[in-house]
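Position 140 of the sequence shown, counted from 1, bears residue number 223 in this note's numbering, the numbering being contiguous throughout.
Notes for the one structure printed next.
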Amino acid sequence: MATPNIVTLVDNSKKQEFVTDAISFTSKAVYKYKFEKYEDLFTVKDNCKIITLRNTGIEAKGLVMDQDIHTTLAFVHTFPDGDREFSFYRKPGADMMLKEEEVDYDLIRQSKVFHFGTLSMTDEPVKTATKRALSVAKEAGCMITFDPNLRPPLWKTLDEAKEQMEYGFENCDVLKISDNEIQFVSGEEDYDKGIKYLQEKYQIPLIFLTMGKEGSRAYYKNLRVEQPGFTVKAIETTGAGDTFCGCSINGVLKYGLDNLDEEKLKEILTYANAGAALITMKKGAIRSMPEPQNIKELIGE
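The structure is reproduced here in structure tokens:
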């Protein structure tokens, strides 16, 4: 399952496509489909046309529509090196208005994974809805995955953003966090020291750290595993972190959270790095998702 985040306005395709409420939301769901895992979406609240969603194998029966409030828009400003920054049209956005009584809790109870981020905790009523959904997921025994997805323009203060990030740390089984996010929340410039801070304070079983083109790390029990990134010609990085997250969650589902070792973590990181690298080679995010075969070819399998 996934909680609501932000709609993206980056797809350049001439084909009309469903625009959902976050790159992180959609890309993880698409990756669930491509890896033959069942994924449900819920809580998109506007009058978008759902055209290609079901065609990709993603169940949309949990979607909630809002006839009055528009979908949040995320504008992606791309720099020459492929990096980017965001600005938003969201006062209010439909994703902010989801009420806890609108969530399909039975759908959550049927799920293996509940994934959430902080962007559905910036405002009420969706903040309460998110936390209620998380509580139901935990009671149902879902694996809880969390990506802070820090977007400063959406917060009244960064202290408030940090508070909600810490709430996520307290409640997740698997954390995906970026290099700048670990520095922000821990106050440590050294990544290992920042991760140690999280491990000691929150006892998170598995932490994935992304470091852009430098690659990624996994911290699990007493293991610290690092895999380098793939050298590609990056056009823009939008969706890379979300692609990595979708791939890595798939790997954890493949082996089980309690059955990981160094070799399995290397495999997961390599695959996720490759997927993230490939999406940077094209514009857009949703339509740029690589197929599993593309990832295997880059790895050399």
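Idealized CB from N, CA, C, for every residue including glycine.
| Query | Result |
| --- | --- |
| For Glu350 and Asn333, the rounded distance between their alpha carbons | 12 Å |
| Distance, Lys347 Cα to Ser107 Cα | Residue confidence is low: Ser107 scores 42 on pLDDT, short of 50, so the model does not pin down where it sits. No coordinate-derived value is stated. |
| Residue environment, Phe158, which counts as buried when at least 16 other CB atoms sit within 10 Å | exposed |
| Whole-Å CB distance - Glu319 paired with Thr353, under 8 Å assumed | Rounded, the Cβ-Cβ distance is 23 Å, inconsistent with contact. |
| 4 or more residues per run - each alpha helix (DSSP H) lying fully within the stretch 241-268 | 241-254 |
| Top-ranked residue by Cα proximity to Leu340, from Leu289, Glu253, Lys366, Gln376 | Leu289 |
| Same chain, Cβ closer than 7 Å to Val268, neighbours up to 5 away in sequence not counted | Lys245, Met248 |
| Extent of the continuous beta strand (DSSP E) run through Phe327 | Careful: Phe327 lies outside any beta strand (DSSP E), inside the alpha helix (DSSP H) at 323-338. |
| Buried or exposed (CB count within 10 angstroms, at least 16 for buried), His198 | buried |
| Counterpart residues of Ser299 in DSSP-defined beta bridges | Thr293, Gln310 |
| Spatial distance of Ala274 from Thr154 (CA atoms) | The displayed chain sequence assigns Tyr, not Ala, to residue 274. Whole-angstrom Cα-Cα distance: 36 Å. |
| C-alpha distance - Val186 paired with Arg192, whole-angstrom precision | 12 Å |
| Limits of the alpha helix (DSSP H) - the one that Ile362 falls within | 345-362 |
| Residues that Thr228 bridges to, as DSSP identifies them | His198, Val257 |
| Secondary structure of Ala216, DSSP reduced to three states | helix |
| Beta-carbon proximity list for Gly277, same chain, < 7 Å, skipping 5 on both sides | Ile265, Gln266, Ser269, Glu271 |
| CA nearest to the CA of Ile227, picked from His160, Asp325, Leu217, Pro163 | Leu217 |
| Beta-carbon proximity check, Ile287 vs Phe252, cutoff 9 Å | yes |
| Assigned secondary structure, Ala177 (DSSP; H/G/I helix, E/B strand, else coil) | helix |
| For Leu237, the nearest candidate out of Ala317, Phe169, Glu309 (CA to CA) | Phe169 |
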